[in-house]
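Single-structure report; data block below.
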Amino acid sequence: MESTARTMDLEVAPRTYRKAFSANYRALFPDDTRHYRVDVLEASADQHSAIWVSGDKFELSPEAICQAEVLQQAWSDLSTLLENCCDGTGSVRQPPRDQLASILVNLDFAWAGFENKYISELIGIEEQARRLIIDAVNAEARLGMLEDKRGSPEFGAAQQTLVRCIAHLNSVANFRRKGRDDLGSDILESALVVLEHQGLSSKEVVASAEGNGMAAAAVAAATNRSAGVSLAIDVVASFEAARRYLREVSRCLERVDPHLCNNVGLVARLVDWEESWEVGSRYVRQAVLLNAICDLVAEFRIAQRLAPSLAPMCADCDVELFLVLPRILLLCCLAEPTKPREGLLRSLLPHRFEVSDADGQLKSKLSDDPEMKELQNQFKQTISAFASNSGTCASTPESAWILLVRRAVSGNSDDIEDGYKCLPQALQQQVRGQVESLMRDVEGCSLEIQRHCPEDWNQCSAVLIQCIAGGSQRKQLQPGGKFQV
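What follows is the structure in structure tokens.
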């Protein structure tokens, strides 16, 4: 059609309106020549269809719909003319030149009229869709201007605004995860408090990730002192990475796809942000759980010395490790069934703590649950068996704990036979039976932990493994290559 109109040297409808198009559309329509595009014609046919962008519904204006109908009528006129040039025998005759020229000129003016309205409204829709990014960019710039007022109410309010903007972006663009919008600034504030207790600031977290040696040493020292610091670092680092993205994208907003989920760089930042903040909402914001993680990581590091095969399991994330973790966690809770360990177990097995008794009172202790109480009694009896049946000076509660840890790690009674030699020979079989009975019940409870709420346990095990390893494997703030929108 365009080639025919050009060959016939027909009048071209004015298209100076294209100069007002955004850069992306000027690339598609670089000058005032026709540049017919099939998608424009298709849009005129689908004039009443809703346009969905990043979860929001848009519709063409009545004026655009009117122009679409004019274009469809002109297209129908051309189709009718061409159909009339064909007879039933399959032969084709040439349409009258004047009639074809008139229809093509009329079609061109109708096309230009709809193209103007349609593309202009698309640009408006896209600007509206990009508004989420623009709002976040402006919020980040505002926070940046207040950096020297950290700790002030003004800075706190600006930080909360930026967090809300990121959460809104996450709900719209993060198709790879849940797209949560309920992760608030209190998570960030809790993480900053944890860092402050270890003498760290967000600036040192950023500097460490960027390769500053002194900052990296300070972060490593803090992580060694408190394993849970790495969780707080992830919260802060993911927030700072989101800020860096917003600063970079502010220089090339025209490159942002209005379908926000199509922006690879944005989605990557949001995935890290949601993962880190979801962990932070549970294990950083709640002091009891943070303390429990730090406590258990210390126990796991001791267990690595007691059972040397545990260390390579942790280093390699061996599949067997995911059976060992809940066993040792349970043994630690049985050995010290008080806060904070009890708090962690409560979060994984809430039904064990929330059963009402005859008076309607909520049970708040591990020992209030009959099955857990029986497991505790078994544990105490097993430990007591070593202390009361001393055959050698090595027969102590400590040697009992070592044996239980090794049994939990190996998963096989044959691997711990040497542990019974500290007992009188006549009692070895009896104590062996107690240990195996205890570990069978521990295994049953460990499976319950894994299955009651798999998502909670997967998160907990990932947190434990990260903290045992000594830090996060995320690289949110490391200098990279070309910026990805």
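FYI, in our numbering the residues of the sequence shown are 74 to 558.
By construction, the Cβ of each residue, glycine as well, lies at the ideal position given by its N, Cα and C atoms.
All values reported here derive from a predicted model rather than from experimental measurement.
In the structure shown, D345 adopts helical secondary structure according to DSSP, grouped into three states. Excluding five sequence positions before and after M81, the CB atoms of its chain that fall closer than 8 angstroms to its own CB belong to R170, L173, A174 and L177, given in chain order. Shown here for D221: not one same chain residue has a beta carbon closer than 7 angstroms to its own, the five before and five after excluded.
Each of R479, L265, L261 and R237 was checked against the Cα of D255, and the nearest Cα belongs to R237. Within the same chain, A300, G301, L304, Y356, L417, V536, L537 and C540 come within 8 angstroms of I366 by CB-CB distance, once the 5 residues on both sides are set aside. Annotation: V143 is outside any beta strand (DSSP E); the continuous alpha helix (DSSP H) that includes it extends over P135 to N157. In the three-state scheme derived from DSSP, where H, G and I count as helix and E and B as strand, K453 is classed as helix. Between V126 and A202, the C-beta spacing is below 8 angstroms. For the pair of segments examined, the region 228–236 was found not to touch the region 271–289: the number of CB pairs separated by less than 8 angstroms stays below three.
In the structure shown, D129 falls within a strand segment according to DSSP collapsed to helix, strand and coil. It is roughly 47 angstroms from the alpha-carbon of A293 to the alpha-carbon of Q502.
Remark: C-beta atoms of G517 and L396 do not approach each other more closely than 8 angstroms.
Under DSSP, I124 forms a beta bridge with F131. The Cβ atoms of V370 and Q532 lie no closer than 8 angstroms to each other. For D259, the enclosing alpha helix (DSSP H) stretches over residues S258 to H270. Taking the Cβ atoms as the reference, L333 lies roughly 4 angstroms from A246, within the contact range of under 8 angstroms.
Contact check for P410 against L439 passes: the beta carbons are separated by less than 8 angstroms. Residue burial annotation: L326 is exposed, with fewer than 16 other C-beta atoms found within 10 angstroms of its C-beta. With contact defined as three or more Cβ pairs closer than 8 angstroms, the region 203–214 and the region 137–154 are not in contact.
Within the same chain, Cβ atoms closer than 7 angstroms to the Cβ of A288 are found at E277, A280 and S281, the five residues on either side in sequence being excluded. Here the C-alpha atom of D119 lies approximately 54 angstroms from the C-alpha atom of G544. Membership of P226 in the alpha helix (DSSP H) is indicated by the continuous run P226 to A246. A residue is called buried once 16 or more other Cβ atoms fall within 10 Å of its Cβ, and A93, having fewer, is exposed. Shown here, V165 sits in a strand according to DSSP, grouped into three states.
Restricting attention to V309, R425, T234 and F452, the CA atom closest to the CA of P443 is found in R425. Ranking R342, R524, G286 and V322 by CA distance to the CA of A310 puts R342 first. DSSP places Y493 in the helix class (H, G or I) of the three-state scheme. Take R358, set aside five residues on each side of it, and the residues of its chain with a beta-carbon closer than 7 angstroms to its own are D259, I260 and S263, in chain order. Scanning N179, C390 and L133 for the CA closest to the CA of L151 turns up N179. Cα atoms of E188 and F182: separation of roughly 10 angstroms, rounded to the nearest angstrom. Between I401 and A384, the gap from beta carbon to beta carbon reaches 8 angstroms or more. Under the DSSP assignment, T77 falls in the alpha helix (DSSP H) whose first and last residues are E75 to T80.
Counting only runs that start and end inside the region 384–419, the alpha helix (DSSP H) elements of at least 4 residues fall at 394–408.
In this structure, the beta-carbon distance from E521 to P331 does not fall below 8 angstroms. A contact between stretches requires three or more CB pairs, one per stretch, nearer than 8 angstroms, and the region 154–163 fails this requirement with the region 96–110. Taking every protein chain shown into account, the CB of F248 has fewer than 16 other CB atoms within 10 angstroms, so this residue is exposed.
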